[in-house]
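Asks:
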Amino acid sequence: MIDEERIILMTRMASYEESEGKKNIAIGNYFRSDYLSLQVLKAVLCGSLAYFMLVGAYVMYHFEELMSDIYRMDLMGIGKKLLTMYLIGVGVYALLAYIVCAWKYHNARKNLKRYYNNLRKLNALYKAR
Amino acid sequence: MRNLLEFREYLRVFYSKYDVYVKPAGKFLLAFLVLQVINARLGYMDRINSISMVLIVALMCSFMPRNFIVVCATGFILLHLYSLSLEAAIVGFILFFIMFLLFFRFSSKDTVVVALMPILFLIKIPYVIPVALGLVSNPVSAVSAGCGVAVYYFLHFIVSNESALTEMGDDDMMTRFRFIVDGLLENKGMLVVIVAFAITIAVVYIIRRLSVNYSWTIAMIAGVLVQLVILLFGDLVTETGVSVIGVILGSVLALGIGKVLEFFFFNLDYPRTEKVQFEDDEYYYYVKAVPKVTVSAPEKRVKKIR
Chain H
611 MIDEERIILM
621 TRMASYEESE
631 GKKNIAIGNY
641 FRSDYLSLQV
651 LKAVLCGSLA
661 YFMLVGAYVM
671 YHFEELMSDI
681 YRMDLMGIGK
691 KLLTMYLIGV
701 GVYALLAYIV
711 CAWKYHNARK
721 NLKRYYNNLR
731 KLNALYKAR
Chain P
34 MRNLLEFREY
44 LRVFYSKYDV
54 YVKPAGKFLL
64 AFLVLQVINA
74 RLGYMDRINS
84 ISMVLIVALM
94 CSFMPRNFIV
104 VCATGFILLH
114 LYSLSLEAAI
124 VGFILFFIMF
134 LLFFRFSSKD
144 TVVVALMPIL
154 FLIKIPYVIP
164 VALGLVSNPV
174 SAVSAGCGVA
184 VYYFLHFIVS
194 NESALTEMGD
204 DDMMTRFRFI
214 VDGLLENKGM
224 LVVIVAFAIT
234 IAVVYIIRRL
244 SVNYSWTIAM
254 IAGVLVQLVI
264 LLFGDLVTET
274 GVSVIGVILG
284 SVLALGIGKV
294 LEFFFFNLDY
304 PRTEKVQFED
314 DEYYYYVKAV
324 PKVTVSAPEK
334 RVKKIR
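So the sequence lines, in the order shown, correspond to chains H and P.
Quick note, the first sequence lines up with residues 611 to 739 if you use the working numbering.
Quick note, the second sequence lines up with residues 34 to 339 if you use the working numbering.
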């Protein structure tokens with residue numbers, strides 16, 4: 611005999627697993643600190659890559675001036691300026707990544723809690739049979 | 034109204050019954066449309082500027098995740114730009130690379146907006162997107178909308194200055210590069226539109242989540258007004274030449290699309306709202322329950338008369 615309640619519960623859970631569930635389960639496998647550290651690390655790497663690309667584009671844009679003035683330039687000063695900009699840019703991006711990922715983690719945990727509750731309910735339905 | 038509700042139910046049943054075919058067909062159509070528009074607007078590389086190529090890639094997209102459409106569209110754009118000028122391709126690559134690296138990580142769900150935005154700009158209704166995203170998505174979608182606007186303005190600049198780019202000699206590589214970068218960075222109109230769209234998405238999202246009656250309708254009206262004010266004010270300050278009539282008509286259309294979305298996703302029967310209060314050991318609850326407007330799809334019965 612088909613148990614309607616069980617079918618509804620299983621369908622809902624399967625649909626969740628198919629869509630958001632996969633990502634949420636992957637996120638839920640981490641402790642909060644581990645997940646956030648990993649995401650911030652990724653953000654720092656991506657941010658650094660993007661920064662170097664932008665610096666490359668800047669150099670290309672001002673190539674002629676840079677080549678003609680290279681011996682007259684305060685290279686140490688420029689290096690310091692670039693480093694400061696790098697630290698500020700990547701720092702702000704990493705902070706944003708931290709906030710967004712913390713929010714994602716919170717949501718994933720909340721959804722997973724509901725999912726595990728449903729699992730428990732399903733288990734109870736099987737036992738009650 | 035009843036007919037519309039029945040139609041919605043028909044659509045729901047149809048979608049749930051045939052979603053195995055509907056989803057790939059939708060992705061195929063979207064990819065086909067996006068790639069065709071790219072070829073029609075840019076079309077500098079003959080090898081990919083053919084309907085057979087578009088069909089093959091669109092067919093591939095129908096079986097891949099939705100974001101693959103954006104990847105293919107990016108590939109098409111870069112190849113066309115490369116055919117026009119290497120510098121345009123380099124600037125395009127940097128732009129897309131930074132978008133993929135920094136922004137799409139956070140809003141991978143609605144990345145497809147980036148591909149849709151240039152198309153909506155072409156048919157003069159981009160103002161629909163922020164209202165729609167604010168209603169059905171979250172504020173992070175502002176990232177995708179902003180990237181879409183940047184892509185459109187970049188491509189628009191390239192197409193408008195196509196002859197200037199080709200007329201520059203081979204020795205003018207740096208000049209061409211500077212010309213394109215300046216065109217992208219000094220485009221104040223683009224910044225105004227990005228700011229307007231981001232604020233509109235946030236306003237619509239915040240208001241539609243309020244616990245007030247007709248929150249979706251209030252949200253879309255407020256969003257459209259905010260968008261209108263920012264765009265017109267931005268136009269006054271930066272003198273970007275935004276078409277006032279175009280913005281107003283686009284905003285009216287945005288309201289129309291918003292109402293359609295509301296009908297499909299948030300159709301509530303406010304006059305039947307119930308407010309109840311109860312308590313347990315730890316809390317006192319103030320509950321507001323608003324019933325959905327629903328009708329069941331009428332079943333067709335075939336009566337056999339002998």
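From the three backbone atoms N, C-alpha and C, an ideal C-beta is built for every residue, glycine too.
Measure from the alpha carbon of asparagine 634 of chain H to the alpha carbon of each residue in H:Ala734, H:Tyr736, H:Leu732 and H:Trp713, then state which is nearest.
Replies: If we check each option's Cα against that of asparagine 634 of chain H, H:Trp713 comes out closest.
Asks: Looking only at its chain, what residues have a beta carbon closer than 7 Å to the beta carbon of tyrosine 318 of chain P, apart from the 5 residues adjacent to it on each side?
Replies: If we look at tyrosine 318 of chain P and ignore the five residues flanking it on each side, its Cβ neighbours are Gln310, Phe311 and Glu312.
Asks: Could you run through the stretch 686-700 of chain H and flag, in chain order, every residue whose CB is less than 8 Å away from some CB of chain P?
Replies: Against chain P - using a Cβ distance shorter than 8 Å - the stretch 686-700 of chain H contributes no residues.
Asks: Is the CB of methionine 223 of chain P under 9 Å away from at least one CB in chain H?
Replies: Chain H, which has no Cβ nearer than 9 Å to the Cβ of methionine 223 of chain P, makes this no.
Asks: Would you say alanine 718 of chain H faces chain P, with C-beta separation under 9 Å as the test?
Replies: So, not an interface residue.
Asks: Would the C-beta of leucine 134 of chain P count as close to the ligand SAM, meaning under 8 Å from any of its heavy atoms?
Replies: Of the ligands one can find in the structure shown there are none, so the ligand SAM has no counterpart to examine.
Asks: Within 9 Å (strictly less), CB to CB, does methionine 253 of chain P reach chain H?
Replies: Taking Cβ atoms only, chain H never reaches closer than 9 Å to methionine 253 of chain P, which makes this a no.
Asks: Can you tell me which residues form a DSSP beta bridge with glutamine 260 of chain P?
Replies: Answer by DSSP bridge pairing: none, since glutamine 260 of chain P is not bridged.
Asks: May I ask which residues mark the beginning and end of the beta strand (DSSP E) holding glutamate 312 of chain P?
Replies: Counting along the chain, the beta strand (DSSP E) containing glutamate 312 of chain P begins and ends at 307-312.
Asks: Name the one or two DSSP bridge partners that valine 665 of chain H has.
Replies: Answer is none; valine 665 of chain H lacks a bridge partner.
Asks: Is the beta carbon of leucine 619 of chain H closer than 9 Å to that of leucine 735 of chain H?
Replies: Yes, the pair counts as a contact, with Cβ atoms nearer than the cut-off.
Asks: Are at least three pairs of beta-carbons, each pair with one atom in the stretch 64-72 of chain P and one in the stretch 104-115 of chain P, less than 8 Å apart?
Replies: Flag = yes, the stretch 64-72 of chain P and the stretch 104-115 of chain P touch.
Asks: Using Cβ-Cβ distances below 7 Å, what residues of the stretch 124-135 of chain P are close to chain H?
Replies: Those residues of the stretch 124-135 of chain P that come within reach of chain H (Cβ to Cβ, closer than 7 Å) are Ile127, Phe130, Ile131, Leu134 and Leu135.
Asks: Would you call the CB atoms of proline 163 of chain P and alanine 231 of chain P closer than 9 Å?
Replies: Yes, Cβ-Cβ distance for proline 163 of chain P and alanine 231 of chain P is below 9 Å.
Asks: Check this for me: beta carbons of serine 4 of chain P and lysine 60 of chain P, under 9 Å apart or not?
Replies: This structure cannot speak to residue 4 of chain P, because chain P is shown only from 34 to 339.
Asks: What are the boundary residues of the beta strand (DSSP E) that lysine 321 of chain P is part of?
Replies: Per DSSP, lysine 321 of chain P belongs to the beta strand (DSSP E) from 317-322.
Asks: Using a cut-off of 8 Å between C-beta atoms, extract the partners of leucine 659 of chain H located in chain P.
Replies: By Cβ distance, chain P contributes Leu134.
Asks: Let's see if you can read the secondary structure: which residues bound the alpha helix (DSSP H) around asparagine 72 of chain P?
Replies: Run containing asparagine 72 of chain P: 35-74, per the alpha helix (DSSP H) assignment.
Asks: Going by C-alpha to C-alpha distance, which of H:Arg622, H:Tyr640, H:Lys691 and H:Met623 sits closest to histidine 716 of chain H?
Replies: It is H:Tyr640 whose Cα lies nearest to the Cα of histidine 716 of chain H.
Asks: Whose Cβ in chain H lies nearer than 8 Å to the Cβ of valine 214 of chain P?
Replies: The answer, in chain order, is Ala667 and Tyr671.
Asks: Who are the Cβ neighbours of valine 55 of chain P in its own chain at under 7 Å, not counting the five residues just before and after it?
Replies: So the qualifying residues of the chain are Tyr48.
Asks: For lysine 723 of chain H, list the residues DSSP reports as bridge partners.
Replies: Partner(s): none; lysine 723 of chain H has no beta bridge.
Asks: In three-state terms, what does DSSP make of leucine 243 of chain P?
Replies: Three-state DSSP puts leucine 243 of chain P in coil, outside helix and strand.
Asks: Mind pulling the chain H residues with CB within less than 8 Å of methionine 211 of chain P?
Replies: The sequence as given places arginine at residue 211 of chain P; methionine does not occur at that position. Going along chain H in sequence order, the residues near arginine 211 of chain P (Cβ under 8 Å) are Tyr671.
Asks: DSSP three-state call for lysine 157 of chain P: helix, strand or coil?
Replies: Coil at lysine 157 of chain P, not helix or strand.
Asks: Name the chain P residues whose beta carbon is nearer than 8 Å to that of tyrosine 703 of chain H?
Replies: Correct list: Leu135.
Asks: Pull up the distance between the alpha-carbon of isoleucine 123 of chain P and that of leucine 112 of chain P, whole angstroms please.
Replies: Between isoleucine 123 of chain P and leucine 112 of chain P, the C-alpha separation is close to 11 Å.
Asks: Just checking, does the stretch 174-184 of chain P make contact with the stretch 141-155 of chain P on the three C-beta pairs under 8 Å criterion?
Replies: Yes, since at least three Cβ pairs between the stretch 174-184 of chain P and the stretch 141-155 of chain P fall closer than 8 Å, the two stretches touch.
Asks: Is the stretch 189-196 of chain P touching the stretch 280-296 of chain P in the sense that three or more CB pairs, one from each, lie closer than 8 Å?
Replies: Judged by Cβ distances under 8 Å, the stretch 280-296 of chain P makes no contact with the stretch 189-196 of chain P, as fewer than three pairs qualify.
Asks: Measure the Cβ-Cβ separation of alanine 412 of chain P and alanine 73 of chain P and say whether it is below 9 Å.
Replies: Examination of residue 412 of chain P is not possible in this model, given that chain P is present from 34 through 339 alone.
Asks: What are the uninterrupted segments assigned as alpha helix (DSSP H) that are 4 or more residues long and contained completely in the stretch 76-130 of chain P, given in chain order?
Replies: With a minimum length of 4 residues, the continuous alpha helix (DSSP H) runs that stay inside the stretch 76-130 of chain P are 84-96 and 100-117.
Asks: Thinking C-alpha only, which one of P:Asp215, P:Phe40 and P:Val226 is nearest methionine 670 of chain H?
Replies: Checked all of P:Asp215, P:Phe40 and P:Val226; the closest Cα to methionine 670 of chain H is P:Asp215.
Asks: Just to check my reading of the structure: glutamate 295 of chain P and tryptophan 249 of chain P have Cβ atoms closer than 8 Å, yes? What is that Cβ distance to the nearest angstrom?
Replies: Between tryptophan 249 of chain P and glutamate 295 of chain P the Cβ distance is about 5 Å, and since that is below 8 Å, they are a contact.
Asks: Tell me the DSSP bridge mates of leucine 384 of chain P?
Replies: Missing from the structure shown is residue 384 of chain P; chain P here goes from 34 to 339 and no further.
Asks: Is serine 196 of chain P buried or exposed, if buried means 16 or more other CB atoms sit within 10 Å of its CB?
Replies: Exposed: under 16 other Cβ atoms inside 10 Å.
Asks: Can a CB atom of chain P be found closer than 9 Å to the CB of glutamate 674 of chain H?
Replies: Yes, contact with chain P.
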